[in-house]
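Comments concern the structure below.
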Amino acid sequence: MLNLFKYSSIPTRIITACVILPLFILVVWAGSQFNILYLTFATALTSGISSWEINKIIGKYGVKTQNFLTIPISVALVSSSYFYDTLSTYYFSGITLLAFLLLVLMPNIMKYSKLHYVLSILLPIFIPAGFLLYAPLLMQSNLGLEKFVFMFLIVFTFDTFALTFGKLFGTHKLIPSISPNKTWEGLIGGTILSLILSTFLFYFDLINFVTSIPIYYILTLSIVIAGQLGDISISRIKRMSHLKDTSSILPGHGGILDRLDSILFSLLIMHYFIRIN
Numbered sequence: 032m033l034n035l036f037k038y039s040s041i042p043t044r045i046i047t048a049c050v051i052l053p054l055f056i057l058v059v060w061a062g063s064q065f066n067i068l069y070l071t072f073a074t075a076l077t078s079g080i081s082s083w084e085i086n087k088i089i090g091k092y093g094v095k096t097q098n099f100l101t102i103p104i105s106v107a108l109v110s111s112s113y114f115y116d117t118l119s120t121y122y123f124s125g126i127t128l129l130a131f132l133l134l135v136l137m138p139n140i141m142k143y144s145k146l147h148y149v150l151s152i153l154l155p156i157f158i159p160a161g162f163l164l165y166a167p168l169l170m171q172s173n174l175g176l177e178k179f180v181f182m183f184l185i186v187f188t189f190d191t192f193a194l195t196f197g198k199l200f201g202t203h204k205l206i207p208s209i210s211p212n213k214t215w216e217g218l219i220g221g222t223i224l225s226l227i228l229s230t231f232l233f234y235f236d237l238i239n240f241v242t243s244i245p246i247y248y249i250l251t252l253s254i255v256i257a258g259q260l261g262d263i264s265i266s267r268i269k270r271m272s273h274l275k276d277t278s279s280i281l282p283g284h285g286g287i288l289d290r291l292d293s294i295l296f297s298l299l300i301m302h303y304f305i306r307i308n
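Going by this note's numbering, the sequence shown opens with residue 32, and the numbers climb by one from there.
Quick look at the structure:
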């Protein structure tokens, strides 16, 4: 017998996607065609909401949260990317290094109650802002819109087909203790489809910011790996906090961080790929 309850959230997910997706496209387009300030503002707002979600997570540890302090600072850090030309590269690299360490180590360091006050400030500020500040920087680079769209296409393709292959063929669990729904079959299927998409984009000259096919494949695989690491990192935090979603701000989808987990490290990969090349 068909389990209708299993699919009861699908209409809600579709409605939310139909509202959010056009807004996202509009903001990205406006940021590329008119003024990067539009994208910077939207990304800063996203960082503020993500900061609130991190506060919700650490609240599960019995920590008193500091929303009044952490949210404005998180927003300000992302907003500072608008002034990238006048700020040192080391400034952003330092923020990102701290964000990366906090994200990876969060479930472990939260065990030490003496650190709770400091962590209640550092975690909500730097985990979202340390990665999201690269969105405006990416858009400001040469062929920024093309790079932005490419990254999202690879992440979306991998996530979609990893889920599809996992549901259809998945029997071997990838990391059951952190994310029980992830499978090796899904990982392989998502990676293959991402490479097929990137091949199509390259050979039909839809992507022009890379001219070497080996480097292009390395970039694609790096985004896939980075996306998975971001996904696993957020999943690990949620599981340690006994949460299914980071929040319910997006009906049917969970929270902002639930949707951006694969994007966080991917933005970092794209930014430093541009700098190296």
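From the three backbone atoms N, C-alpha and C, an ideal C-beta is built for every residue, glycine too. Please read these numbers as outputs of a predicted model, since none were measured by experiment.
- Beyond the five residues adjoining it in sequence on each side, residue 129 comes within less than 8 angstroms, by CB distance, of 153, 157 and 161 in the same chain, given in chain order.
- Residue 204: member of the beta strand (DSSP E) spanning 204–206, first to last residue.
- DSSP, reduced to helix, strand and coil, places residue 47 within a helical segment of the structure shown.
- For residue 270, the closest C-alpha among the options 208, 203 and 297 is that of 208.
- With contacts defined as CB atoms closer than 7 angstroms, residue 287 and residue 172 fail to qualify as a contacting pair.
- Under the 10 Å beta carbon count, residue 86 is surrounded by 16 or more other beta carbons and is classified as buried.
- DSSP places residue 191 in the uninterrupted alpha helix (DSSP H) bounded by 175–200.
- If you ignore the 5 residues before and after residue 295, its C-beta comes within less than 7 angstroms of the C-beta of 162 and 261, all in its own chain and listed in chain order.
- The beta carbon of residue 201 is closer than 7 angstroms to those of 214, 216 and 217 in its chain, skipping five residues each way along the sequence.
- Excluding its 5 nearest sequence neighbours in each direction, residue 96 has C-beta neighbours in its own chain below 7 angstroms: 86, 89, 90 and 151, listed in chain order.
- Between the segment 238–249 and the segment 184–199 there are fewer than three inter-stretch CB-CB distances shorter than 8 angstroms, so the stretches are not counted as touching.
- Between residue 177 and residue 240, the CB-CB gap stays under 7 angstroms.
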